[in-house]
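In the UniProt record's numbering, the protein residues as written are 1 to 188. Every residue, glycine too, gets a C-beta built ideally from N, C-alpha and C.
And the structure:
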């Protein structure tokens with residue numbers, strides 16, 4: 001197994017493999033995404049590879065892609081599409097700008113089902129964040145996957161937002177080297 005880093009359009013040669021892996025990871029429980037989401041993900045790749053700070057880590061076994069992580073620099077003003085408004089609402093305007101803008105944002109992390117539990121996801125996460133500006137990295141995930149939340153905590157990530165106890169919301173995690181980790185609110 002090897003991990004390769006991609007910083008731009010050369011990633012697009014692997015679009016078919018990334019689409020297949022996305023289906024394997026996210027169109028099954030607990031995410032249960034519609035297969036159209038995988039098509040949308042693959043369709044966003046040509047735009048994403050041009051984002052400032054774009055970085056992808058792909059894990060290979062021979063020629064087969066068995067895992068990937070994609071990330072880029074979050075620009076100011078803070079985005080307003082997808083799940084970003086929920087992140088901003090949870091952190092508030094000041095912390096959103098100070099903690100997230102200019103940081104390495106993890107967009108996707110996926111590992112083939114047969115490679116789960118091997119430590120590969122942690123290796124991919126480290127590979128895609130190791131050169132994050134000033135150690136600043138962050139991501140969003142959903143609390144509907146307690147396994148994902150537990151995984152990020154086990155990797156040293158700090159949960160910075162906390163939905164209501166019965167919520168099914170989005171949470172923000174700050175990376176292990178993010179300077180604002182100690183400032184994040186503890187859960188109730």
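Limits of the unbroken beta strand (DSSP E) element including residue i
i           : result
residue 107 : 104-111
residue 2   : 2-6
residue 141 : 137-142
Inter-residue CB distance, residue i and residue j (contact presumed, cutoff 8 Å)
i           : j           : result
residue 108 : residue 70  : 5 Å
residue 149 : residue 171 : 7 Å
residue 30  : residue 147 : 7 Å
Which of helix, strand or coil DSSP assigns to residue i
i           : result
residue 121 : helix
residue 155 : coil
residue 23  : helix
residue 75  : coil
residue 169 : coil
residue 65  : strand
residue 148 : helix
residue 99  : helix
residue 15  : helix
residue 55  : strand
residue 80  : coil
residue 129 : helix
residue 70  : strand
Sequence-distant residues of the same chain with beta carbon closer than 6 Å to residue i, five excluded per side
i           : result
residue 136 : 103, 178
residue 51  : 72
residue 11  : 49, 56
Neighbourhood of residue i by C-beta, 8 Å cutoff - its chain only, sequence neighbours within 5 removed
i           : result
residue 127 : 3, 5, 57, 69
residue 15  : 42, 45
residue 48  : 54, 70, 72, 107
residue 105 : 71, 72, 73, 74, 137, 138, 139
Own chain, CB closer than 7 Å to residue i, minus 5 neighbours either side, in chain order
i           : result
residue 174 : 99, 138, 157, 158, 160, 180, 181, 184
residue 115 : 66, 67
residue 169 : 86, 143, 163
residue 17  : 65
residue 22  : 38, 41, 110
Host alpha helix (DSSP H) of residue i (start-end)
i          : result
residue 36 : 35-48
- Query: Is the stretch 47-62 close to the stretch 123-135, with three or more CB pairs under 8 Å?
  - Reply: Yes: at least three Cβ pairs fall under 8 Å.
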